[in-house]
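Input: a single structure, listed below in structure tokens.
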Amino acid sequence: MKQMNPAHLLLAAAALATIPATRVWADPPAKLKIVFIAYENPDQLVEDVKPVVNHLEDALQMAIKYFVASDYAAVVEAFRNSTADLGFMGPLQYCMAHEQTGAYPILGEVYNGKSTYTSRIFVHSDSAIKTPADLRGKTIAFVDPISSSGYMYPLDIFKDRGLIRTRDDADKFFKRIYFAGGDEQAIRAVVNKFVDAAGIGQYAYSLLKLEERDSVRIISESRPIPSHCVVVRKELDKTTVDKVRDTLYALNEGPNRQMLKYLYNVDGYIKVTHSDYERVEQLAREYGFLKKQKAGD
Amino acid sequence: MMSNKISCSRRLHLCAACLVTCIVVTVSVQAHIIPPENFHPAVESYRRMNFLLNLNPIPWHDVLKDTAVITKHAATIVPAAAKEFHDQVSRLIEPFTKAADGNREMPDTAARRQTARAVFERSTRIMARLLKSRLEAAAAAIREGGYGAECLKTARKLWAAFEYEIQHSDSAAHTRLGIAWLELSTARGSRGIMKAGEIPARVDLFTAFTGEIIGYVDANFGDHYQTPGNRRLAPLPTKSPTFDAAANVFVKLPPGHNINKQVPRPRQILNMAARGVDEGETALIAVGDMAFDSAYIFGEPMRSFQMSCNTCHNKSITNPQFFIPGLSHQKGAVDISNNFFAPHANNGLFDSLDIPDLRGIKFTAPYGRNGRFLSLREFVRNGIMNEFNGPEPDPVLVDGIVAYMNEFDFLPNPALDRDGTLNDNASAAARRGEKLFRKPFITMDRMSCATCHIPSANFIDHKRHDIGTVEGAEPFSRDRALDTPTLLGIKYTAPYFHDGRAPTLQAVVEWFNDNHCLGMKRREIDDLTAYLDTVGDGVDAYEDTSYYLDAEMEEFSFFLSAYEFLKEKDKPELMTITFETIASEIRNHKWELQDYQFLPVMNRLAELMDEAIEANKQGNRALVDQKVETYRTLFAENVDDLK
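Here it is as structure tokens:
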């Protein structure tokens, strides 16, 4: 066997340092299996992503099988039972998937020129509420119990101000917590005065009709949240991972850039590793979404 | 692809804009585009069908299509009820679709109203049945240890069939039930991710709130639902104890409509501006420009929809994407003599027409597709009062609109000499086509195309002709003549003919060749098409940017430049219309700001106009002066940033 020179060894070590130590390389699969997540119309999504799938098949010289999941639990399940090699996930869901299956991110999404976004606390513009502290004893709508921008990061706004320490504290701080099931439902609950506030992603605002936008006001904003990411199954072979990452990354420039509109309309991608999501992971442990690490872990 | 199809945080990424008072961000926003509402297909059809059933005439074929969509979705959930619904509404509608196809007499007015009501009631009942069924399925799933996510999501979407009317006629129930929906989505818990973060469902709460919503839906829209007589057909919750019978539930435009203007904007050429005239001293034109952009010169429903002349004739040019189901037979067309815009002027016919281009209108009299108005003034007054339900307009207002429209110029065309002949800038094919254009055809009574489209007269003859595109009232009727349209600018005004039946200029040439037996060969058709394409061309037909908030803001200042003139003429009503128009236009356009740091400036400018309206109503002219002056100062201070 041909020996590697020291430079190659260094490069290989550097490459390995970016991936989990428990990685088990496998042979390239006969087919790359992609799971897309659909929030509204799975049938339409199946049609919409065809151009991307065709492009990936051409670029990777590999057959692609794809399907659509309706929630992140199904995506993680698909990673675990190897029915998916690649998927698209929010930061908290990714961290949960990472802990349970060893899946890891290869690309982060860029929107409006940024690879981060924020959560915000919205109240009705008529409301007397000015600060997060004013929400003690009031009602609030979040998006989902497992949501980065629609629950965990909004909670963190209250924690940062010493108003709560845990999720249980939040139940006592607020009169009632609702999980509205979507950003639009949550912000519209503020517009319609069903709740006193909503803790949701920054872009929820633009889901409102123009005439509704003056009905809400922002009282606080979270720290930056790393954007959604493209995630691969732990066992997927490195050659395929590299090719997929390079192919999607290449969409940032050049004639195939219009493909991005089929990939959740991102502006582009940046290359990421798990370390970009360590802060999310830490918060997820603090809020009980992930197991607390034992000393020495 | 997915911009109107996905939700949750992922969907949020799709929208470019954000925010607001205390947090400043820079955004990339394009134009003033209102996206369509995202309805469940059955709800979309139900709401559109409600709109259609209130029209006169009712487009029964379209109603039938929407009932088919409702049937299709109902069949997967409540198959027996779906079949019954389908059989009933098909039987009810059949006489009308047959009549529309010319296969029988159209039933009388009473039958039309009765059938519309019956179809509406049956559709409402089955939508209520669907909603109940999905909620019951979600509750059953929860009881059995599932999460009922899809059923609950579908039920919430089906609620949109009724929510608008409930919100505006039973606000107490809307709030109570809005909270009930939040309770439901919370009580269902979460299955977490592979058990991590799992939250067990609260079966008791879920059952209770499901019951509350179903109870309301059953009571108001259930199996015994009947709509109150003599009212517009709409799902009003009349059985609710908190229903407000006096509430004004305004009609909404139906799903599928599009009244957004085209982007990029067409380039408008105002003659006085092209000649370098200072716009600050053309007060009457400023009044007209304001009125052309104003919904407040019209009556309802134009005011509520914020629709103006400019909606259809964007910057004086046809808006090719304008579409309202039931009123438009295709994009870029509308029936303006119906019971929706101006009930008093309904002609009882569905006569949707291609929206005309207004470039060069001072040269194109008479007006109206059949040339029934000899003067622009008559045409404008009729449009305000009898097409769009406005009050008798002030003479100064009409003078202003006419003055403004008389400024609309054709696009310059370097291929045309002053006498309308082609010059060396035209292609060889176009010049061969020019000869054909001027060639008399025996089958056209020895007339040529140029006989009516006189090149030296801007390609019109100011006459009306029957060329065979209009279907008359009866075989030998004489109601088929149409005004000769100009050919200038037609490259940008597809489709063609009064009803837009020809999608391209080539289709127009082929239509003449076939219907007037001109005997032209393929190459001649191509040459004549090339000629029309060249004559209809122009320099810079569209603006070269999609960002034009700065231009809009300058235009609003131009509107306000008429203030002193209106004050001098003692026209407080026109002053109010001016202030209302500016305020609403600023509020409509402010989301186009590329830097939301300046939203407060936009808000203040709009408020100043509100305050001017109030002062004007009180007759406090000094205060109006002050508000106008403050507006001008604030705008001048921020003009470079309001873009």
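If you're matching them up, the sequences are chains S and Y in order.
If you're matching positions, the first sequence starts at 1 in the working numbering and goes up one per residue.
If you're matching positions, the second sequence starts at 1001 in the working numbering and goes up one per residue.
Yeah, the Cβ is synthetic: ideal placement off N, Cα and C, and Gly gets one too.
Given a threshold of 16 other Cβ atoms within 10 Å of its Cβ, counted over all protein chains shown, does Arg1372 of chain Y qualify as buried or as exposed? exposed
Output the distance between the C-alpha atoms of Arg1048 of chain Y and Pro1414 of chain Y, rounded to the nearest integer angstrom. 47 Å
Cβ-based burial, Leu1487 of chain Y [other Cβ within 10 Å; buried from 16]: buried
I want to verify the contact list: residues of chain Y whose CB lies under 8 Å from the CB of Pro224 of chain S, in sequence order. Within 8 Å Cβ-Cβ: nothing; Pro224 of chain S doesn't reach chain Y, min ~12 Å.
CA-to-CA distance, Thr1469 of chain Y to Gln1268 of chain Y, given in whole angstroms: 30 Å
Using DSSP with H/G/I as helix, E/B as strand and the rest coil, what is Phe1221 of chain Y? helix
Residue from S:Leu56, S:Ala204, S:Pro91, S:Val46 whose Cα sits closest to the Cα of Ser115 of chain S: S:Pro91
DSSP state of Ile1336 of chain Y, grouped into three classes? coil
Can you look up Leu1270 of chain Y in the DSSP assignment and give me helix, strand or coil? strand
In chain Y, what lies closer than 8 Å to Gly181 of chain S by C-beta? Leu1152, Lys1153, Arg1156, Ser1185
Going along chain S, which residues have a C-beta under 9 Å from Met1520 of chain Y? The premise fails here: Met1520 of chain Y is roughly 41 Å from chain S at the closest Cβ pair, so nothing lies under 9 Å.
Using only alpha-carbon positions, find the residue among Y:Asp1351, Y:Ile1454, Y:Phe1556 that is nearest to Pro969 of chain Y. The structure shown does not extend to residue 969 of chain Y, since chain Y is modelled only from 1001 through 1643, so no value can be given for it.
Can you list, in chain order, the residues of its chain with a C-beta nearer than 6 Å to that of Gly1648 of chain Y? Leave out the 5 residues immediately preceding and following it. This structure cannot settle anything about residue 1648 of chain Y, because the visible part of chain Y is limited to 1001 through 1643.
Which residue comes first and which comes last in the alpha helix (DSSP H) that contains Val231 of chain S? No alpha helix (DSSP H) holds Val231 of chain S; the beta strand (DSSP E) holding it covers 229-232.
Counting only runs that start and end within the stretch 137-169 of chain S, where is the alpha helix (DSSP H) found for 4 or more residues in a row? 153-160
For the beta strand (DSSP E) holding Ile37 of chain S, just list the boundary residues, first then last. 31-37
According to the neighbour-count rule (16 or more other Cβ atoms, all chains shown, within 10 Å of its Cβ), is Arg257 of chain S buried or exposed? exposed
According to DSSP, is Glu1637 of chain Y helix, strand or coil? helix
Contact list for Gln282 of chain S against chain Y, beta-carbon separation under 7 Å: Here the premise fails: no neighbours, minimum Cβ distance about 16 Å.
With a floor of 4 residues, list each alpha helix (DSSP H) that falls wholly inside the stretch 1299-1328 of chain Y, ordered by position along the chain. 1302-1305, 1309-1312
Please return the same chain residues whose Cβ sits closer than 7 Å to the Cβ of Cys1008 of chain Y, not counting the five positions on each side in sequence. Residue confidence for Cys1008 of chain Y is low, a pLDDT of 37 falling below 50, so the modelled location carries little weight; the figure read from the coordinates is stated next. So the list is empty, once near-sequence residues are dropped.
Return yes when the Cβ of His124 of chain S is within less than 9 Å of the Cβ of Lys31 of chain S, no when it is not. no
Out of S:Pro255, S:Gly137, S:Pro224, S:Ala189, which one is the CA nearest neighbour of His55 of chain S? S:Pro255
The stretch 1433-1447 of chain Y in contact with the stretch 1388-1396 of chain Y per 3-pair CB rule at 8 Å: no
Please state the DSSP three-state secondary structure of Tyr277 of chain S. helix
Look at the alpha carbon of Asn1314 of chain Y and the alpha carbon of Ala1615 of chain Y, and state the distance between them as a whole number of angstroms. 32 Å
In whole angstroms, what is the alpha-carbon distance linking Pro1235 of chain Y and Val1217 of chain Y? 11 Å
Select from the stretch 93-104 of chain S all residues with a C-beta closer than 8 Å to any C-beta belonging to chain Y, and list them in chain order. Gln93, Met96, Ala97, Glu99, Gln100
What's the C-alpha gap between Tyr277 of chain S and Leu1205 of chain Y? 37 Å
Unbroken beta strand (DSSP E) runs of length 3 or more, entirely within the stretch 1555-1579 of chain Y: which are they? none
Whole beta strand (DSSP E) runs in the stretch 41-73 of chain S with 3 or more residues, listed along the chain? 63-69
Are there 16 or more other CB atoms within 10 angstroms of the CB of Asn1038 of chain Y, so buried, or fewer, so exposed? buried
Under 9 Å between the Cβ atoms of Ala1365 of chain Y and Leu1376 of chain Y? yes
Report yes if the C-beta distance between Arg1125 of chain Y and Gly1222 of chain Y is below 9 Å; otherwise report no. yes
What residues are listed by DSSP as bridge partners for Arg1464 of chain Y? Y:Asp1483
Using a 10 Å radius around the Cβ and a threshold of 16 neighbouring Cβ atoms, would you call His1257 of chain Y buried or exposed? buried
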